[in-house]
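K.L.:
According to full-length UniProt numbering, the sequence shown holds residues 1 to 115 in order.
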Amino acid sequence: MRLFGLLIILSIACYSNCRAVVEKYDTNCQTTLSSDILSAIDNYQPIVNRIINEAVNGSFKGRTWEELATFVDEFGPRFTGTETLEHAIDYVLDRSKKLGLENVHGEKAPVPKWL
Numbered sequence: 001m002r003l004f005g006l007l008i009i010l011s012i013a014c015y016s017n018c019r020a021v022v023e024k025y026d027t028n029c030q031t032t033l034s035s036d037i038l039s040a041i042d043n044y045q046p047i048v049n050r051i052i053n054e055a056v057n058g059s060f061k062g063r064t065w066e067e068l069a070t071f072v073d074e075f076g077p078r079f080t081g082t083e084t085l086e087h088a089i090d091y092v093l094d095r096s097k098k099l100g101l102e103n104v105h106g107e108k109a110p111v112p113k114w115l
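1) Would you decide whether A55 is buried or exposed? Buried here means 16 or more other CB atoms lie within 10 Å of its CB.
2) Do T80 and P112 have their C-beta atoms within less than 8 Å of each other?
3) Considering K97, what are the terminal residues of the alpha helix (DSSP H) in which it resides?
4) Between G37 and I51, what straight-line distance do the alpha-carbon atoms span, to the nearest angstrom?
5) Roughly how many angstroms lie between the CA atoms of G58 and T64, to the nearest whole one?
6) Which of the three DSSP states is assigned to R63 in this structure?
7) Rounded C-beta distance between residue 128 and R95? I'm assuming under 8 Å.
8) With respect to the alpha helix (DSSP H) encompassing E54, which residues constitute its N-terminal and C-terminal limits?
9) For S34, does the three-state DSSP call read helix, strand or coil?
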């Protein structure tokens, strides 16, 4: 459940105040995205607010922080191509499965190793 909470927090960080985020990085937002798409983005704000409230004040209160602290304490820095990163990935995959998340899997990705 803790990892799920962490995922919620990360989602919140990505989608909080969706339209403002889109417009901040895309000054041509009004011409690039249709008003229907902008409206659809705005329609997610109540859902985002509920997720934030649950994470901050509800059943996940403090649990997300604890899960993150455990992860960081266990693995520390995770540089690209290192054994530590591989162990951290395995940990997240295993923990996600144990918490009951669905369709948990890793994917191969070509990454350089630090010299």
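Virtual Cβ for every residue (Gly too), placed ideally from N, Cα, C.
Bear in mind that the values here come from a model prediction, so they are computed numbers and not experimental data.
P.N.:
Once the coordinates are examined:
1) buried
2) yes
3) E83 to K98
4) Here residue 37 turns out to be Ile, not Gly, going by the sequence shown. Going by the C-alpha atoms only, they are around 22 Å apart.
5) 11 Å
6) helix
7) Summary: the structure shown does not reach residue 128, with the chain confined to residues 1 through 115, and so no result is reported for it.
8) Q45 to N57
9) coil
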